[in-house]
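Peer 1: In the working numbering, the protein residues as written are 6 to 358.
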Amino acid sequence: MATPLTAARLVAALKAEGCAVHEVGGWRTNNRNHKGPWGPVHGVMIHHTVTGPGTDVVDLIYHGHSALPGPLATGCITKDGVVHLTGNGRANHAGGGDGDVLNAVIGESYGNYPPATHEHQGSAGAVDGNARFYGWECENKGDGTDPWPRVQYDAMVKATAAVCRAHGWGHKSTIGHLEWSDWKPDPRGFDMAGFRRDVADALALPAGRWRGEDPMPQYVNLGITQPYRLAPGAWDSIEFTSEWADETGDHASGGSVFARGPARFSGSVGLRIDGLPVGAVVQVRMSEYQGDQHRADHPIHEIIGTGGGTFAVVPLTKRLASGRSMRIRLLNQSADPVTVASVVLTVLLWKET
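#1: Can you tell me which of 208, 252, 277 puts its alpha carbon nearest to the alpha carbon of residue 167?
#2: Determine which residues share a DSSP beta bridge with residue 180 and list them.
#3: Take residue 238 and list the residues in its own chain whose beta-carbon comes closer than 6 Å to its own, dropping the five residues that flank it on each side.
#4: If you draw a straight line from the alpha carbon of residue 19 to that of residue 277, how long is it in whole angstroms?
#5: Considering Cα atoms alone, identify which of 353, 41, 26, 25 is closest to residue 221.
#6: Three-state secondary structure (DSSP) at residue 131?
#7: Closer than 8 Å by C-beta to residue 294: which residues in its own chain qualify, once you throw out the five before and the five after it? Chain order, please.
#8: Just to confirm my understanding: we take residue 187, look at its own chain, exclude 5 residues before and 5 after, and list those with CB closer than 7 Å. What are they?
#9: What is the DSSP secondary structure of residue 309, counted as helix, strand or coil?
#10: DSSP three-state label for residue 200, please.
#11: Can you have a look at residue 245 and say buried or exposed, based on whether 16 or more other CB atoms are within 10 angstroms of its CB?
#12: Taking DSSP's pairing of strands, which residues face residue 264 in a bridge?
#13: So, at 7 Å on beta carbons, what are the nonlocal neighbours of residue 84 in its own chain, with the 5 sequence-adjacent residues on each side left out?
#14: Let me know if residue 218 comes out buried or exposed under the rule of 16 or more other beta-carbons within 10 Å of its beta-carbon.
#15: Which residues share a DSSP beta bridge with residue 396?
#16: Suppose the cutoff is 6 Å on Cβ atoms and the five residues either side in sequence are ignored; what does the same chain contact list for residue 265 look like?
#17: Could you tell me the alpha carbon to alpha carbon distance between residue 258 and residue 227, rounded to whole angstroms?
#18: With residue 250 as the anchor, note down where its beta strand (DSSP E) starts and where it stops.
#19: Please report the straight-line C-alpha distance between residue 149 and residue 267, rounded to a whole angstrom.
#20: Around the Cβ of residue 309, are there at least 16 other Cβ atoms within 10 angstroms (buried) or fewer (exposed)?
#21: So what does residue 142 bridge to, in DSSP terms?
#22: If contact is defined by three or more beta carbon pairs under 8 Å, each pair taking one atom from either stretch, is the region 133-141 in contact with the region 194-212?
#23: What first and last residue would you give for the alpha helix (DSSP H) that runs through residue 285?
#24: So, are the CB atoms of residue 128 and residue 94 less than 8 Å apart?
#25: Going by C-alpha to C-alpha distance, which of 316, 270, 356 sits closest to residue 345?
#26: Report the rounded CA-to-CA distance for residue 241 versus residue 287, giving the unit in angstroms.
#27: If we ignore side chains and look at the alpha-carbon of each, how far apart do residue 79 and residue 198 end up?
#28: Using 8 Å as the threshold, is the C-beta distance between residue 283 and residue 314 below it?
#29: Pull up the distance between the alpha-carbon of residue 33 and that of residue 88, whole angstroms please.
#30: Could you check what DSSP says for residue 137 in three-state terms: helix, strand or coil?
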């Protein structure tokens, strides 16, 4: 049992948890408090919107429609992961539900799932969920085929954790609408037990530290088709003319760029330099560009000539900001041209948002 958060405390909790927050104009006084109580509150309820492309979904959740006036939730979480705050107080989102489910949420006393619900809006034994739960309406067609972008799902977890943390609740203070009322199917497309586990993981860390499941990296494997001459005295970007794998699509055919931000990557580039005198040096460094403009350099790795063929493997590990691209540049510090006989770049890259 808890007193509802003020608007200011809710915004602060969401931002502390790492949510991107949009305060819709007028949301702080947009509520249904004149129709019934708001509080004490006991948990957070997750919904999907049942909307498709072209719908102003945030406006719908704020204003409602002719059959159901708004707000239709505390907030609307859109596909891009933004938490749009649409109501501060009672909202038309939960409706009537099962008292046994409410008691299980209050006590956080259930296993993977709360007890089966046997009540719905209008039934004699229904409990008023609009008074007891915060609600997140999450943009989705709701037909079971519409995917949940990672950025949106993570925002849903963070927003829920923010409210639970602010009240001192655990992850079992979170339920789906389908677990509250026996005629509701939402949310579709993910399992509420798994969602609660993610909320628990977020709550186990300090606010703002949870980043969600690390996505599978993408594979980049580039090289050169033929050896080329590297003149002395000037930095020169490697042009990758062989493309064995480019899952990110960041490398233009024959271009020098192997990664574009926002992203982080880890891998290496192997080089063979022919004709580098013993003790002479070819320097290697990663360089950031914005478009065609050189913006930043990273630490230098030195390849020291051994006579004949000289081999080196240079580590490539960095985080790359949005709008930046990464190239590898070489500087021949010997007196004469050398031959770059072989280049093989292998990188695992994680796109960020």
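Heads up, the beta-carbon is just placed ideally off N, CA and C, and yes, glycines get one too.
Peer 2: So, from the data block:
#1: 208
#2: In the DSSP assignment, residue 180 is bridged to 50.
#3: none
#4: Roughly 52 Å between the two C-alpha positions.
#5: 353
#6: coil
#7: 262, 300, 329, 330, 331, 332
#8: 122, 123, 124, 125
#9: strand
#10: If DSSP states are grouped into helix, strand and coil, residue 200 belongs with the helices.
#11: buried
#12: 331
#13: 144, 154, 157
#14: exposed
#15: Since the first residue shown for the chain is 6 and the last is 358, residue 396 is missing from the structure and cannot be characterised.
#16: 255, 330
#17: 10 Å
#18: 247-251
#19: 30 Å
#20: Under the 10 Å beta carbon count, residue 309 is surrounded by fewer than 16 other beta carbons and is classified as exposed.
#21: 52, 81
#22: no
#23: No alpha helix (DSSP H) holds residue 285; DSSP gives it neither H nor E.
#24: no
#25: Closest option to residue 345, judged by alpha-carbon separation, among 316, 270, 356: 316.
#26: In a straight line, the C-alpha of residue 241 is about 11 Å away from that of residue 287.
#27: 22 Å
#28: no
#29: 14 Å
#30: coil
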